[in-house]
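One structure below.
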Amino acid sequence: YNPSFHNVVAVNPADYRSCAAPRASSTLTSGNDRVTLKRGLNSFICTYAGHCQAGMKIQ
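For the sequence shown, full-length UniProt numbering begins at 1 and goes up steadily by one.
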């Protein structure tokens, strides 16, 4: 992803549905991040204004 326009935040399923990131969330911003997936459901959103609501999220 282009870090000038996007970021990645790991969230729980409820925050994924509401496109909300808790204040204590770690935000990935390098554009070249590595994420170790945990067993089970993993949820990620972009917190730039309107991006998650427009569908920039993945489970």
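By construction, the Cβ of each residue, glycine as well, lies at the ideal position given by its N, Cα and C atoms. Here the structure is a predicted model, which is why all the values come from computation and not from measurement.
Give the DSSP-derived three-state secondary structure of A24 in the structure shown.
Annotated three-state conformation of A24 is coil, per DSSP.
Starting from the N-terminal side, write out each stretch of the beta strand (DSSP E) that is 3 residues or longer and does not extend beyond the UniProt domain "Phytocyanin" (1 to 59).
8 to 11, 43 to 45
Our contact map puts V8 next to A21 with C-beta atoms below 8 Å; I'd like the distance itself, whole angstroms only.
Their Cβ separation, rounded to whole angstroms, is 10 Å, which puts V8 and A21 out of contact at 8 Å.
Distance check for A49 and R34, CA to CA, integer angstroms please.
Counting only the Cα atoms, A49 lies some 23 Å from R34.
Who are the Cβ neighbours of G31 in its own chain at under 7 Å, not counting the five residues just before and after it?
Y1, N2, P3
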